[in-house]
Amino acid sequence: MAAMAGAGPGPAEGPCVLCCGELDVVALGRCEHPICYRCSVRMRALCGVRYCAVCREELRQVVFGRKLPSFSSIALHQLQHEKKYDIYFMDAEVYALYRKLLQHECSLCPDAKPFNTFADLEQHMRKQHELFCCKLCVKHLKIFTYERKWYSRKDLARHRIHGDPDDTSHRGHPLCKFCDERYLDNDELLKHLRRDHYFCHFCDSEGAQEYYRQADC
Numbered sequence: 001m002a003a004m005a006g007a008g009p010g011p012a013e014g015p016c017v018l019c020c021g022e023l024d025v026v027a028l029g030r031c032e033h034p035i036c037y038r039c040s041v042r043m044r045a046l047c048g049v050r051y052c053a054v055c056r057e058e059l060r061q062v063v064f065g066r067k068l069p070s071f072s073s074i075a076l077h078q079l080q081h082e083k084k085y086d087i088y089f090m091d092a093e094v095y096a097l098y099r100k101l102l103q104h105e106c107s108l109c110p111d112a113k114p115f116n117t118f119a120d121l122e123q124h125m126r127k128q129h130e131l132f133c134c135k136l137c138v139k140h141l142k143i144f145t146y147e148r149k150w151y152s153r154k155d156l157a158r159h160r161i162h163g164d165p166d167d168t169s170h171r172g173h174p175l176c177k178f179c180d181e182r183y184l185d186n187d188e189l190l191k192h193l194r195r196d197h198y199f200c201h202f203c204d205s206e207g208a209q210e211y212y213r214q215a216d217c
């Protein structure tokens, strides 16, 4: 990262090292490694981690702002503070952008107020628009509410079995043939099979992945 002449690193240049998005609002901790505020909120609020994504130093506090001096030169006690995630904001505009990231809004009702919880939004989408979220995706994917996909009943069934036409990386949620339950991906299904079903250790050591019901053993 190019440092600015003067007391500190100043505004960051180039894209965010995590998402490659624009560094319009920077998140900065004491290690002085900037990332975009979206990635910082995702880490701290959604994933519950508070280390630097670059050097892994634990960051108890971070500052969000459009143009930042070095972290050590910022008077934190003068800034607006979000205690839950220990985030400080250089101005009200940046705080408003942060708040919007975590809101639960209906994209089909632009004049409606944000909902208090995601569960409230789900209820609204189901009753008013007959749209549904995939429960497996909601449980496992650490993404913001505005990034969630909503489906009709038919499209949700297709998503669960085959995936989405506009996302070739997702081929549906694999099915356990013993439990008739679907799992997020093949890794989660494999964890379930090894934990809850039976397999031959000799065959497994040879690379064969065959699983059985107790009655079949």
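Oh and the sequence shown: position 154 is 154 in the UniProt record's numbering, straight run, nothing missing. Beta carbons: idealized from backbone N, C-alpha and C, even for Gly.
Paired residues, beta bridge with residue i - DSSP
i: F115; result: H104
i: V25; result: V25 pairs with nothing; no bridge assigned.
i: F178; result: None; F178 has no bridge partner.
i: H33; result: Per DSSP, none; premise fails for H33.
i: D167; result: D164
Residue i classed as buried or exposed, judged by whether at least 16 other C-beta atoms fall within 10 angstroms
i: I143; result: exposed
i: I161; result: exposed
i: P34; result: buried
i: N186; result: exposed
i: H159; result: buried
i: E130; result: exposed
i: L76; result: exposed
Contact belief for residue i with residue j at Cβ below 8 Å, rounded distance in angstroms
i: H192; j: Y183; result: 6 Å
i: C55; j: C39; result: Wrong, their Cβ atoms sit about 15 Å apart, outside the cutoff.
i: L68; j: V26; result: 6 Å
i: R60; j: R50; result: 7 Å
i: P114; j: Q103; result: 4 Å
i: H173; j: L136; result: 5 Å
i: C16; j: C36; result: 4 Å
i: I87; j: R44; result: 7 Å
i: C176; j: L156; result: 19 Å between Cβ atoms; not a contact.
Pairwise C-alpha distance: residue j and residue i
i: residue 227; j: D167; result: Since the displayed the chain opens at 1 and closes at 217, residue 227 lies outside it and no answer follows.
i: E58; j: F71; result: 14 Å
i: G21; j: C179; result: 41 Å
i: E181; j: L23; result: 41 Å
i: E147; j: H197; result: 35 Å
i: C134; j: Y151; result: 8 Å
i: K149; j: A53; result: 27 Å
i: R126; j: F132; result: 6 Å
i: K154; j: E105; result: 23 Å
i: E163; j: V138; result: Strictly speaking, residue 163 in this sequence is Gly, with Glu absent from that position. Each residue's alpha carbon lies about 15 Å from the other.
i: I74; j: T145; result: 32 Å
i: G14; j: L28; result: 15 Å
i: Q128; j: E32; result: 46 Å
Using a Cβ distance threshold of 8 Å, determine whether the segment 64-73 contacts the segment 91-98, with at least three qualifying pairs required. yes
Taking contact to mean 3 or more Cβ pairs, one atom from each stretch, closer than 8 Å, check whether the segment 119-129 and the segment 83-92 are in contact. no
Any contact of the segment 101-109 with the segment 79-88, i.e. 3+ C-beta pairs under 8 Å? no
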